[in-house]
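Counting in our numbering, the sequence shown runs from -16 upward without gaps.
For every residue, glycine included, the Cβ atom is placed at its ideal position computed from N, Cα and C.
Worksheet: the structure to be examined is printed underneath.
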Amino acid sequence: MRSSIGSDFALDRTFGGPLTDQLVERLKAAIVKGRYRPGDVLPGILELAAAADVSEKVARMALRRLSGEGWIRTRRHVGSVVLARTGTVVRWRVLFFSHNPYFCYYTDRVISELRTRLLHEKGGVSTIAISRCRGKNSYLQLEELLKERWDLILENGMDATSRKMIEDAGWPFVVIDYDTQTAPSDAANCVGLVKFSSGLAAKDFILACARRNVHSVVQLQCNLAAFDVAERLRIMGVEVRTERTSAGLDPEGVAKEAYAIIAGWFRNGKPRLPDVILFTDDYLAQGGLLALRKHGVRIPEDVSIASFVNKGHLPIWDQSLTRLEMDPIAHGASLAKAVRAYLHGKSFPDGIVLGTVWKAGDTF
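Okay, structure coming up:
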């Protein structure tokens, strides 16, 4: 049956995060609460956009996210049909919980690859990925799901409340640690640790600076820095300056602030540029490279560039970009292999570290 969305999906414009995230979480909460039951058809794009007072693009992206995470299935001439979380009997069930408040290309691709590989596992694996929004909706979803049976939970919470909920539930779980931002767990049901490190290839950047006799570096960071090379460069006698955005992890805000930071360098004429600019985030690079191009900077004649980049994502540049590259597809495959090992042998592999690889390009 097709349900009416009503008028209580107006979004909080003071939240600061992407509207798509809010809309996704409101729809998920409505499904968890039973407002939309398995077999119900969600409102269409036009109705959803009108009820939430957002563009059709935002509504379309929200429904696409729900489909990718296994909450709904789009059927031609029918619409977005809510799927049952239980029903099909499978041998194993795996839950991926993330508390990242913003849309994350890398995490989405990892989850997608994990889901694809595990769904083809002999014996059957049901995977469910939930929640990239802080607040009560996330906890409500998690609370309801923890009442079900789970053979393994992959916890990327970075949140004390959700961590305790998972520990208290008693289901075996693995901590996913991004650059030591996630505290380890001493709980008996914590069976493993996976480290994802965006700064793993930073050592290669340092070595490249040494080989090229670099004298000055500016590193651009988000407010929540993924990695920092300043101290290691200073030990080598390199002059280092760090410029930070205040936009947290909001992609659009990060790109805009990076553009503003670099454009500000040229406010009073052409400045003395550093030997190297290091972007520690691909959205920083998106905004920063655009600002450099607008002001006619020649790369690498005027300045050399290196950037953290998620493979298959931003930034697009007309030269082969020198990068610290994360490969979410390969990492999702590695995570699926480790999950399989646990499901078959009840032992999660030790020492899993997945991170960036140095890729030399034309810009440094």
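- For residue 264, the three-state secondary structure derived from DSSP is coil.
- In the three-state reduction of the DSSP assignment, residue 178 falls in the strand class, which pools E and B.
- If you draw a straight line from the Cα of residue 173 to the Cα of residue 136, it comes to about 9 Å.
- For residue 342, the beta-bridge partners assigned by DSSP are 306.
- Between residue 265 and residue 290, the C-beta spacing is below 8 Å.
- Fewer than three pairs of CB atoms, one per stretch, sit closer than 8 Å, so the stretch 274 to 293 makes no contact with the stretch 54 to 67.
- Under the three-state reduction of DSSP output, residue 217 falls in the helix class.
- Residue 172 is not bridged by DSSP to any residue.
- Taking the C-beta atoms as reference points, residue 245 is found no nearer than 8 Å to residue 288.
- Looking from the CA of residue 54, the closest CA among 309, 336, 9 belongs to 9.
- Within the stretch 24 to 75, the alpha helix (DSSP H) runs of at least 4 residues that lie entirely inside it are, in chain order, 28 to 35, 39 to 51.
- Within 10 angstroms of the beta-carbon of residue 11 lie 16 or more other beta-carbons, which makes it buried.
- Under the 8 Å Cβ criterion, the stretch 178 to 187 counts as touching the stretch 198 to 215, having at least three qualifying pairs.
- Here residue 187 carries a helix assignment [DSSP, helix/strand/coil].
- Sequence-distant partners of residue 44 (beyond 5 residues in either direction) whose C-beta falls short of 6 Å from its own C-beta, in its chain, are 3.
- Taking the Cα positions, residue 278 is about 42 Å away from residue 142.
- Going by DSSP, residue 224 is part of the beta strand (DSSP E) stretching over 222 to 227.
- In chain order, 203, 241, 242, 244, 245, 260, 262 place their CB closer than 8 Å to the CB of residue 271, counting only its own chain and leaving out the 5 sequence neighbours on each side.
- About 4 Å separates the CB atoms of residue 303 and residue 345; that is less than 8 Å, so the two are in contact.
- DSSP places residue 288 in the uninterrupted beta strand (DSSP E) bounded by 287 to 293.
- In this structure, DSSP gives residue 159 an extended state, which the three-state scheme calls strand.
- Between the alpha carbons of residue 235 and residue 327 lies a gap of roughly 42 Å.
- Judged by DSSP in its simplified three-state form, residue 138 adopts strand.
- Scanning its chain for C-beta atoms nearer than 7 Å, with the 5 sequence neighbours on each side dropped, one finds around residue 88 the residues 293, 296, in chain order.
- Residue state for residue 337 is assigned as strand, using DSSP reduced to three classes.
- Of the candidates 146, 258, 206, the residue whose Cα lies closest to the Cα of residue 193 is 258.
- Exclusion of the five residues before and after residue 220 leaves no residue of its chain whose Cβ lies closer than 7 Å to its Cβ.
- DSSP places residue 203 within a strand segment (E or B) once states are collapsed to three.
- Using a Cβ distance threshold of 8 Å, residue 30 and residue 312 do not count as a contacting pair.
- DSSP places residue 95 within a helical segment (H, G or I) once states are collapsed to three.
- In this structure, residue 81 sits near residue 139, with a CB-CB distance shorter than 8 Å.
- By the beta-carbon neighbour count (other beta carbons within 10 angstroms, threshold 16), residue 308 is buried.
- By the beta-carbon neighbour count (other beta carbons within 10 angstroms, threshold 16), residue 330 is exposed.
- Boundaries cannot be given for residue 282, as no alpha helix (DSSP H) includes it and DSSP labels it neither H nor E.
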